[in-house]
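K.L.:
The listed protein sequences correspond, in order, to chains A and B. All letters in the first sequence, in the order written, are residues 1 to 248 by full-length UniProt numbering. All letters in the second sequence, in the order written, are residues 1 to 248 by full-length UniProt numbering. Even glycine gets a Cβ: it sits at the ideal position worked out from N, Cα and C. In this text the structure is predicted, and so the values were computed from the model without any measurement. Structure in structure tokens, see below.
There are 2 protein chains.
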Amino acid sequence: MVDLTPAPQDKGEISSYLQSLPLFSGIEKSLIMSFADQAISKKYETGESLFFQDDPIESFYVILSGWVKLYRTTQDGNDSVFDMLTVSQLCGETAILDGDDYSFSATVVEDIVCLKIPASILNTAIKDDSKMAYAMLKTISRYRKQQTREIESLTLQNASQRIGCYLLRLCRIDVLEPVVLQLPYDKSMIAARLGMRPETFSRALKKLKQQTDIHIEGDIVKVPTIESLSVFSCSACSNEYPCNDLMT
Amino acid sequence: MVDLTPAPQDKGEISSYLQSLPLFSGIEKSLIMSFADQAISKKYETGESLFFQDDPIESFYVILSGWVKLYRTTQDGNDSVFDMLTVSQLCGETAILDGDDYSFSATVVEDIVCLKIPASILNTAIKDDSKMAYAMLKTISRYRKQQTREIESLTLQNASQRIGCYLLRLCRIDVLEPVVLQLPYDKSMIAARLGMRPETFSRALKKLKQQTDIHIEGDIVKVPTIESLSVFSCSACSNEYPCNDLMT
């Protein structure tokens with residue numbers, strides 16, 4: 001399932017790739033080239049960690065394939081998974097604003113290929129280059145908006161609605177119904193991402209299947225009509241489907 | 001209870017006040033003065049709104065006294081209160097990064113005095129002045145960290161632990177025990193801020209009183225020992241009390 005896309009081969013390719021990401025949109029080519037010059041292509045397997053909470057900040061990562069979970073660990077040993085990152089997303093790039101140490105851990109949940117770039121170069125760029133600082137502001141602002149929605153969802157949607165919302169976000173809106181999609185990672189990981197115990201997740205998924213027309217077999221989900229799923233899930237949300245405001 | 005501190009009287013006073021806020025730390029005095037020049041002192045009473053979700057963005061606010069709730073309204077009419085702001089906090093300053101319209105509403109829950117400043121001046125400053133952009137980055141990064149903790153709390157702490165956590169944050173750690181504190185606003189608003197229905201809040205508060213040594217009468221809370229409350233609340237959190245990392 002994991003697309004082990006080969007990482008870009010040379011610095012020119014890496015530079016062009018970086019330029020296509022929102023964080024580097026509108027940034028001088030020479031500055032992007034200095035990021036590309038220091039980028040290293042890496043592969044990490046499921047279970048490996050990019051960094052742990054409280055490690056000193058050294059790098060940030062551009063994910064080219066696979067999935068990474070971001071989490072914090074509580075004093076009694078549970079993990080709070082607060083984000084899952086995949087293709088063309090950055091990991092750890094905002095950590096430099098928090099201090100000297102990562103304030104969360106990042107562990108691979110589906111084998112990844114990524115670019116590893118020293119955090120120091122980004123740190124300097126956002127201080128010296130107002131366009132870079134502005135692009136970083138837009139990036140972190142988008143995260144914040146997503147988190148505001150997450151808090152809303154945790155307080156006002158029930159567990160079945162939250163699973164429905166998760167599935168809706170996986171649906172591409174430009175394909176014909178029925179939409180058939182593959183869950184991107186293990187169900188237990190989806191439960192963790194949604195902040196549910198596995199048994200709560202199972203019960204809520206059963207209820208979701210009863211109350212909408214979706215079918216799930218293994219990791220394949222069939223959504224006959226988006227509307228049935230969105231009517232059920234989005235009533236307790238401040239947004240109509242699709243959540244266009246989270247795309248900007 | 002509300003401290004209706006008179007707003008600063010002249011532009012020099014306003015400028016000095018702004019300079020004391022993290023967003024203006026290290027910013028050129030002439031730039032701060034241009035903010036002060038356009039700031040207007042305003043009072044709003046409980047129930048009045050500074051702006052509503054989807055209104056065009058015009059201003060941001062510096063709160064000098066009182067409390068404001070930030071919330072989004074779901075399609076079925078419930079509010080998700082995702083933040084409460086008070087003295088020396090800014091309201092709506094990050095909205096300019098989201099687009100042309102406010103992505104949330106702001107309503108007064110305890111009479112406020114504030115400075116109202118045109119958003120356009122901040123928008124220009126963060127694009128042109130890399131120090132201003134960096135200060136804004138630090139501000140929004142702090143919000144994001146708080147929200148990450150909020151998501152963690154919503155997924156891993158039970159309702160009683162969440163109330164305990166809320167009370168712990170009201171405690172000043174430099175005072176002698178027992179700590180006596182006044183709830184800053186109505187209990188129903190605290191319940192809303194914690195994402196609980198009133199009946200859940202009442203049950204959870206009762207359990208918290210049974211399991212720790214706190215006493216509550218009206219809006220006065222007595223915490224005989226911080227440790228009893230923090231042992232109960234912080235075990236399901238990734239931080240020990242006090243949450244120093246949220247202060248930076």
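Quick one: using the 10 Å Cβ neighbour count with 16 as the cut-off for buried, is B/S59 buried or exposed?
P.N.:
Indexing the second sequence from 1 puts residue 59 of chain B at position 59. Per the 10 Å Cβ criterion, buried.
K.L.:
Using only the alpha-carbon positions, how far apart do B/G26 and B/S34 sit?
P.N.:
Taking the first residue of the second sequence as position 1, residue 26 of chain B is located at position 26. Taking the first residue of the second sequence as position 1, residue 34 of chain B is located at position 34. When rounded, the distance between both Cα atoms is 15 Å.
K.L.:
Give the residues from the segment 113-147 of chain B that approach chain A closer than 8 Å (Cβ to any Cβ), ordered along the chain.
P.N.:
Answer in chain order: I126, K127, D128, D129, S130, A133, Y134, M136, L137, K138, I140, S141, Y143, R144, K145, Q147.
K.L.:
Would you check if the segment 163-178 of chain B and the segment 172-191 of chain A touch, i.e. whether three or more CB-CB distances between them fall below 8 Å?
P.N.:
No, they do not touch.
K.L.:
Quick check: A/I112 and A/S41, are their CB atoms within less than 8 Å of each other?
P.N.:
Against the first sequence, residue 112 of chain A aligns to sequence position 112. Against the first sequence, residue 41 of chain A aligns to sequence position 41. Cβ distance not < 8 Å, so A/I112 and A/S41 don't count as in contact.
K.L.:
Which of helix, strand or coil does DSSP assign to B/S80?
P.N.:
In the second sequence, counting from the first residue as 1, residue 80 of chain B sits at position 80. Three-state result, B/S80: strand.
K.L.:
Between B/C237 and B/S160, how many whole angstroms is the CB-CB distance? I'm expecting something under 8 Å.
P.N.:
To locate residue 237 of chain B, count along the second sequence from 1; it is residue 237. To locate residue 160 of chain B, count along the second sequence from 1; it is residue 160. So it is not a contact: roughly 13 Å between Cβ atoms.
K.L.:
Quick one: what's A/Y61 bridged to in DSSP?
P.N.:
Residue mapping note: residue 61 of chain A aligns to position 61 of the first sequence, counting from 1. Looking at the DSSP assignment, A/Y61 forms a beta bridge with A/C91, A/K116.
K.L.:
How is the alpha helix (DSSP H) around residue 271 of chain A delimited, first residue to last?
P.N.:
It is not possible to answer for residue 271 of chain A, since the shown part of chain A is limited to 1 through 248.
K.L.:
Please decide whether B/L156 counts as near chain A, where near means a Cβ-Cβ distance under 8 Å.
P.N.:
Reading the second sequence from its first residue, position 156 is the one you call residue 156 of chain B. It does; some Cβ of chain A falls within 8 Å.
K.L.:
Go to A/I220, then tell me how far its beta strand (DSSP E) extends in each direction, as first and last residue.
P.N.:
Sequence index remark: in the first sequence, residue 220 of chain A carries index 220 (1-based). Run containing A/I220: 220-223, per the beta strand (DSSP E) assignment.
K.L.:
Counting along the chain, where does the beta strand (DSSP E) carrying A/I216 start and finish?
P.N.:
By one-based count along the first sequence, residue 216 of chain A stands at place 216. Unbroken beta strand (DSSP E) run through A/I216: 215-217.
K.L.:
In chain order, what are the residue ranges of uninterrupted alpha helix (DSSP H) at least 4 long that sit wholly in the UniProt domain "HTH crp-type" (157-227) of chain B?
P.N.:
Listed in chain order, the complete alpha helix (DSSP H) runs (minimum 4 residues) inside the UniProt domain "HTH crp-type" (157-227) of chain B are 159-170, 187-193, 198-211.
K.L.:
Checking contacts by CB at 8 Å: is residue 254 of chain B closer than that to chain A?
P.N.:
One cannot answer for residue 254 of chain B here, as it falls past the ends of chain B, which runs 1 to 248.
K.L.:
Between which residues of its own chain and B/D83 is the CB-CB distance below 7 Å, once the five residues before and five after are set aside?
P.N.:
Your numbering for residue 83 of chain B matches position 83 in the second sequence. Cβ within range, chain order: L70.
K.L.:
Per DSSP, residue 327 of chain A forms a beta bridge with which residues?
P.N.:
As shown, chain A starts at 1 and ends at 248. That puts residue 327 of chain A outside it, with no answer to give.
K.L.:
On the CB-based measure, 16 or more other CB atoms within 10 Å of its CB, does B/R144 come out buried or exposed?
P.N.:
Taking the second sequence and counting its residues from 1, the one referred to as residue 144 of chain B is at position 144. Counting Cβ neighbours within 10 Å, B/R144 comes out buried, since at least 16 surround it.
K.L.:
Which of the residues in the segment 217-244 of chain A, read from start to end, lie with their CB under 9 Å from any CB of chain B?
P.N.:
Answer set for the segment 217-244 of chain A: C234, S235, A236, C237, S238, N239, E240.
K.L.:
Please report the straight-line C-alpha distance between B/F232 and B/G164, rounded to a whole angstrom.
P.N.:
What you label residue 232 of chain B is simply residue 232 of the second sequence in a count that begins at 1. What you label residue 164 of chain B is simply residue 164 of the second sequence in a count that begins at 1. About 8 Å.
K.L.:
Which bits of chain A does B/I151 rub up against, with CB to CB less than 8 Å?
P.N.:
Along the second sequence, one-based indexing puts residue 151 of chain B at 151. The answer, in chain order, is S80, F82, Q147, E150, I151, L154, G195.
K.L.:
Under the assumption that B/I216 contacts B/K209 (Cβ atoms under 8 Å), give the Cβ distance between them as a whole number of angstroms.
P.N.:
Residue 216 of chain B sits at position 216 when you count from the first residue of the second sequence. Residue 209 of chain B sits at position 209 when you count from the first residue of the second sequence. Contact holds; Cβ gap of about 7 Å.
K.L.:
Helix, strand or coil, according to DSSP, for A/P56 in the structure here?
P.N.:
Within the first sequence, residue 56 of chain A is the residue found at index 56, counting from 1. The answer is strand: DSSP assigns A/P56 an E or B state.
K.L.:
Of the residues that make up the segment 88-104 of chain A, which ones have a beta carbon closer than 8 Å to any beta carbon in chain B?
P.N.:
Listed by position along the chain: T94, L97, D98, G99, S103, F104.
K.L.:
Pick out whichever of B/P118, B/E28, B/R72, B/I32 has its Cα sitting closest to the Cα of B/I14.
P.N.:
One-based indexing of the second sequence puts residue 14 of chain B at position 14. If we check each option's Cα against that of B/I14, B/I32 comes out closest.
K.L.:
Tell me the rounded alpha-carbon separation between B/N239 and B/P56.
P.N.:
Position 239 of the second sequence holds residue 239 of chain B. Position 56 of the second sequence holds residue 56 of chain B. Rounded to whole angstroms, B/N239 to B/P56 spans 38 Å at the Cα level.
K.L.:
Is the shortest distance between the beta-carbon of B/R169 and the beta-carbons of chain A less than 8 Å?
P.N.:
Translated into the one-based positions of the second sequence, residue 169 of chain B becomes position 169. Closer than 8 Å: no.
K.L.:
Our contact map puts B/T73 next to B/Q53 with C-beta atoms below 8 Å; I'd like the distance itself, whole angstroms only.
P.N.:
Start at 1 with the first residue of the second sequence, and residue 73 of chain B comes out as number 73. Start at 1 with the first residue of the second sequence, and residue 53 of chain B comes out as number 53. About 7 Å separates the two Cβ atoms, so the contact holds.
K.L.:
Does the CB of A/R203 have a neighbour CB from chain B at under 8 Å?
P.N.:
The sequence position of residue 203 of chain A within the first sequence is 203, counting from 1. Cβ-Cβ to chain B under 8 Å: no for A/R203.
K.L.:
Note down, in chain order, every chain B residue with its Cβ under 7 Å from the Cβ of A/R162.
P.N.:
Your numbering for residue 162 of chain A matches position 162 in the first sequence. By Cβ distance, chain B contributes nothing, its closest Cβ being about 11 Å from A/R162, past 7 Å.
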